[in-house]
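In the working numbering, the protein residues as written are 425 to 1405. Single-structure report; data block below.
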Amino acid sequence: MLIKRSEGRAAKQRLAAAYAGLSSGGLDRRSFLRQAGFAGAGLAALGALAPSRAQAAGAATGVIDHARPVQRVKNICTHCSVGCTVVAEVQNGVWVGQEPAWESPINRGTHCAKGAAVRELVHGDRRLKFPMKLVNGEWQRISWDVAYREIADKMMEIRANSGADSLFWLGSAKFSNEGAYLFRKFAAFWGTNSVDHQARICHSTTVAGVANTWGYGAQTNSYNDIRNSKTMIIMGGNPAEAHPVSLQHVLSGKEANRANLIVIDPRYTRTAAHATEYVRMRPGTDIPIIWGMLWHIFQNGWEDKEFIRQRVHGMDQIRAEVAKWTPQEVERVSGVPGAQLRKVAELFATQKPSTLIWCMGATQKTVGTANVRAYSILLLATGNVGAAGTGANIFRGHCNVQGASDFGLDVGNLPAYYGIDETAWRHWSRVWGMSFEDMRARFDTPQMQTTPGIPTTRYFDAVLLPKDQVQQKDNTKGMLVFGHGGNTVTRMPEAARALERLELLVIADPHPTTFAMQSGRRNGTYLLPIATQFECDGSRTASNRSVQWCSRIVNPIFESRTDYEVMYRLAGALDQAAERRNLPVRFQRDMFKGFEIRDNAPTAESILREINRGAWGSGYSGISPERLKLHQQHQDKFDLVTLRAGADAPAEIRGDYYGLPWPCWGKPEWRHPGTHVLYDTSLHVKEGGGTFRARFGVEREGQTLLAEGSFSKGSEIQDGYPEFTIAVMKRLGWYDLLTAEEKATIAEVGSGLGGEDRVSWMTDLSGGIIRVTMDKGVMAYGNAKARAVAWNLPDPVPVHREPIYTPRTDLIAQYPTLPDRRGFRLPHLGQSVQARSHEVARDFPIILTSGRLVEYEGGGEETRSNKWLAELQQDMFVEINPADAAARNIRDGAWVWVMGPENNSRARVKALVTERVGRGVAFMPFHFGGWFQGEDRRRQYPRGTDPIVLGESVNVVTTYGYDPVTFMQETKVTLCQIRAA
425 MLIKRSEGRA AKQRLAAAYA GLSSGGLDRR SFLRQAGFAG AGLAALGALA PSRAQAAGAA
485 TGVIDHARPV QRVKNICTHC SVGCTVVAEV QNGVWVGQEP AWESPINRGT HCAKGAAVRE
545 LVHGDRRLKF PMKLVNGEWQ RISWDVAYRE IADKMMEIRA NSGADSLFWL GSAKFSNEGA
605 YLFRKFAAFW GTNSVDHQAR ICHSTTVAGV ANTWGYGAQT NSYNDIRNSK TMIIMGGNPA
665 EAHPVSLQHV LSGKEANRAN LIVIDPRYTR TAAHATEYVR MRPGTDIPII WGMLWHIFQN
725 GWEDKEFIRQ RVHGMDQIRA EVAKWTPQEV ERVSGVPGAQ LRKVAELFAT QKPSTLIWCM
785 GATQKTVGTA NVRAYSILLL ATGNVGAAGT GANIFRGHCN VQGASDFGLD VGNLPAYYGI
845 DETAWRHWSR VWGMSFEDMR ARFDTPQMQT TPGIPTTRYF DAVLLPKDQV QQKDNTKGML
905 VFGHGGNTVT RMPEAARALE RLELLVIADP HPTTFAMQSG RRNGTYLLPI ATQFECDGSR
965 TASNRSVQWC SRIVNPIFES RTDYEVMYRL AGALDQAAER RNLPVRFQRD MFKGFEIRDN
1025 APTAESILRE INRGAWGSGY SGISPERLKL HQQHQDKFDL VTLRAGADAP AEIRGDYYGL
1085 PWPCWGKPEW RHPGTHVLYD TSLHVKEGGG TFRARFGVER EGQTLLAEGS FSKGSEIQDG
1145 YPEFTIAVMK RLGWYDLLTA EEKATIAEVG SGLGGEDRVS WMTDLSGGII RVTMDKGVMA
1205 YGNAKARAVA WNLPDPVPVH REPIYTPRTD LIAQYPTLPD RRGFRLPHLG QSVQARSHEV
1265 ARDFPIILTS GRLVEYEGGG EETRSNKWLA ELQQDMFVEI NPADAAARNI RDGAWVWVMG
1325 PENNSRARVK ALVTERVGRG VAFMPFHFGG WFQGEDRRRQ YPRGTDPIVL GESVNVVTTY
1385 GYDPVTFMQE TKVTLCQIRA A
């Protein structure tokens, strides 16, 4: 337990007290028996029920027929991104039991605390049970038809008065892949790029950093492949709590290979307890540490010279920057002793294969993209990319944050990372059966169609800033929020003020979120009860890019509806609202014409097939629902380490990698196996091999950007080459290898691009270019060098920049943050805010960082409403070093105020006095909500829906600071003061 308790009895008493305070009134024994139909029977009668009957109580109405067989249905845990299989036992339509799948190569019969408790998410009594709206500060029950009509009318009113861009679409990693794709498509048909989700606040900097290095913005290897590693560095991650099941692969690799496990973190975490070497660093000094490691590597000649020569561009410029980071300078800035860093560097560079594992401790910073670039460069310098046991193992947070990113819930992308330029829009318009001109006409202006939208980290600025500072027709006036917590953004006091100004706020979620509770709104808020992912079909993508089919366990309970149905019905309501206004724009008719509609919703299978038709660029084209269902059926046929189906597997999956990790090239019937390890030249393209992607041209300042003497196995081109277009095909004499049907499709696509020669492997809807290049053993996306220097980023060579708020004001002049600028339609402040650090550091001397707990997930509304998890962690807390606590007369377990340097913000939490954090550093988890600056807001939840555990959000006191490339928020390094309450 993270909070120390004197005895179990006290813990149970406190949980009982929490139940008693719930807004439902906390039913007493007689009320419970009366409402449950047991009046007069007494508790003895309830206790006499068979165990299965007791399990099912509350999950569904009606009598359970115990003679009916129990069905076993497979789905995926909806918490972190590991992708653990849940086997549900269903009887008579009721989910009566669960167990982890022993046959899954991912979780192998294990669950963490959250996974073991997911059944509660479906039949938990704290769920939203029916649509509601806020009227004069009171929640009222309404019907779905009323909700659709009123929401659609208000959306069309906002559109007419302020433009399409004034509605912000906030999606979710809780979506299935199909739900995420549908939501992005909906935003496109509405006419805005202001559509985002949780990746903005967890791994948007990872995507930008690694995609700008070697081609794709995703994890290169897998959890299972870590078993092959000889040296593992975990930096900016705590998988023991954030991704517990992943740790079985890490620890198994450690034991089997006697591997080095190095944890670099400001805090001594549960993961650090397993390390062979723990390195404590000052928060915000990732780049000095990485450059300090490379200083030793270059000084001793430990770098992989041949790998660099063949496959890396710009390493000489990295050497020049690294030369500045002597052991003395690294220790001065980061606090890490030179001798310890030399040891770590030698292990990583010489005891290979080595892997670097990171999560949000690396990404949620004003230099997040630069951090990720530095991590990637360390891997390149040591040759630790593109082989088993190596790579960037990037553990994502929510269950489908990878898939939601893949399908365009991003202000600068259409599905499958196609960008938002005209070529990308023409491609997806064709897939959708729409004209490009019709799609463009839906936007406020033609320019806005290719302008990135407002990111979720700054939605409230788009509401509050003067209209002339927001680069769109008008300020944000309304929000549609599907599955996203309101306590996950920094600067929450400002977010609360913005929410009060909105004309429309729609929250679609299984539980009400803090979006509805943290402001003083009295009208114009709607709560829509969305079904969980256990109540619908669809696929989801784990961190390792493996896609898994998730079968519906039970029908949606209460009055909840699936994401698919709500979007379908809302689109129909918008059509009716448009007709009432005599507007020509249509949504349901145009958006859903390519899908199979069943029971007022498109089927997940038909949505995925549309994805297959369009997502050539990321290789989702080969991942059909039929193939995924076969993998779900035969999980036991996949090897634990290689993830490949062996000779004893059915012919339909033999040779496949589990989950067909993308890219899975071509059409499903071509049976590409998926790509277990990205950029692995030791395998043929048809076997999951690959090269670094050629995304940035063929030459730079007289030097080639193409690989030299490096190519994938069986390649007919035994050197570097650019990405393939029809023009390249013709120059190579390969054009006539295309079929007549493929040529006809290519000619049609080319008619909108200025000629067929401009059709590329990504926009060729026939798949002919990919088919021919695979036959030739080459990658359709080219064969390039990875970029150590990314000239299109603010810092082409990553450099250390002090956090916006830093206690080391002596370092600001030498390592300043970037100057003020604009981005994503908004002002982006840098040095003007950092200039305050000199005065702020005096009054707020403690560095505040944040992170995860094993018991809760994300914003915490679901998990803090789960009675099995709520018992484990009942209080929000701050970890404070004993020396800092003593100086402030703070005792362990006492109430304290944590105060931030902006907005007069403060949070009332309990103190956990511990040496896990160093002197001058404090840690708070980010899963809590329901309190706001000392005020308990339980009364603001609709009756019966308030979570069991409430607490302050750390983001009440977090501050300004954004990565310039993605507007990732700074949550890991700010300043605070702590006082006894």
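No residue lacks a Cβ here, since even glycine has one placed at the ideal position from N, Cα and C.
Take residue i and list the residues in its own chain whose beta-carbon comes closer than 6 Å to its own, dropping the five residues that flank it on each side.
i       : result
Tyr692  : Arg1340
Asp1387 : Thr629, Thr790, Gly792, Thr793
Met1406 : Look at the range of the chain in this structure, 425 to 1405, and you will see that residue 1406 is not part of it.
Ala419  : Outside the modelled stretch of the chain, which goes from 425 to 1405, sits residue 419, for which no answer is possible.
Ala1309 : Val1337
Gly464  : Caution applies to Gly464, whose pLDDT of 35 falls short of 50 and renders its modelled position unreliable; the value that the coordinates give is listed next. Nothing meets the Cβ criterion.
Leu771  : Thr655, Asn684
Leu1250 : Arg882, Asp885
Between residue i and the rest of its own chain, which residues show a CB-CB distance below 8 Å, the 5 nearest in sequence each way excluded?
i       : result
Asn1036 : Tyr1044, Ser1045, Gly1046, Ile1047, Ser1048, Lys1091, Pro1092
Leu1054 : Pro1074, Glu1076, Ile1077
Val746  : Trp715, Leu718, Trp719, Phe722
Pro870  : Arg864
Asp1360 : Gly1354, Leu1374
His1108 : Ser1136, Lys1137, Gly1138, Gly1201
Lys891  : Asp898, Asn899
Let me confirm a value: residue i is counted as buried when at least 16 other C-beta atoms fall within 10 Å, else exposed. Which label applies?
i       : result
Leu1399 : buried
Arg608  : buried
Ala865  : exposed
Gly821  : buried
Ser567  : exposed
Ser1256 : exposed
Pro917  : buried
Gln522  : buried
Lys1396 : buried
Asp961  : buried
Arg1013 : exposed
Arg1315 : exposed
Taking the CB atoms as reference points, tell me whether residue i and residue j lie closer together than 8 Å.
i       : j       : result
Asn947  : Val559  : yes
Ile742  : Ile801  : yes
Arg550  : Thr1099 : no
Gln1357 : Arg1330 : yes
Asn911  : Asn1379 : yes
Thr874  : Thr1187 : no
Asp620  : Thr880  : yes
Val1333 : Met1348 : yes
Ile658  : Val634  : no
Pro1269 : Gly1344 : yes
Ala597  : Cys823  : yes
Ala1346 : Leu1277 : no
Gly595  : Leu838  : no
Tyr605  : Ile981  : no
Pro707  : Pro690  : yes
Which residues in the same chain have their Cβ closer than 7 Å to the Cβ of residue i, if we skip the five residues on either side of it in sequence?
i      : result
Glu527 : Gln1059, Asp1060
Ala812 : Asp649, Asn652, Pro777, Val1101
Asp589 : Thr616, Ser618, Asp868, Met872, Gln896, Lys897
Taking 7 Å as the cut-off, does the CB of residue i come closer than this to any heavy atom belonging to the ligand ADP?
i       : result
His1058 : By its list of ligands, the structure shown contains no ligand whatsoever, and the ligand ADP lies outside what it can speak to.
Of all Cβ atoms in chain D, is any one closer than 8 Å to the Cβ of residue i?
i      : result
Gly661 : In the displayed structure, chain D is absent; only one protein chain is listed.
Query raised in the report: With a cut-off of 8 Å, do at least 3 Cβ pairs link the region 959-967 to the region 531-545?
Result: Verdict: no, contact absent.
Query raised in the report: What are the uninterrupted segments assigned as alpha helix (DSSP H) that are 4 or more residues long and contained completely in the region 1078-1134, given in chain order?
Result: none
Query raised in the report: Touch check for the region 827-835 and the region 648-655: three-plus C-beta pairs under 8 Å?
Result: no
Query raised in the report: Could you give the uninterrupted runs of the alpha helix (DSSP H) lying entirely in the region 551-603, keeping only those of 4 residues or more?
Result: 568-586
Requested in this report: Pair every Cβ in the region 1213-1230 with every Cβ in the region 1134-1151, then say whether three or more of these pairs are closer than 8 Å.
Outcome: no
**Report entry** 4 or more residues per run - each alpha helix (DSSP H) lying fully within the region 1132-1162
**Finding:** 1150-1156
Query raised in the report: Do the region 1237-1249 and the region 1142-1160 meet, that is, are 3 or more Cβ pairs less than 8 Å apart?
Result: no
Query raised in the report: Which runs of the beta strand (DSSP E), 3 residues or longer, sit entirely within the region 514-552?
Result: 518-524
Query raised in the report: What residue ranges within the region 1344-1375 form continuous alpha helix (DSSP H) runs of no fewer than 4 residues, ordered along the chain?
Result: none
Requested in this report: Quick one: which unbroken beta strand (DSSP E) runs of 3-plus residues sit fully inside the region 1259-1324? Chain order, please.
Outcome: 1270-1275, 1301-1304, 1319-1323
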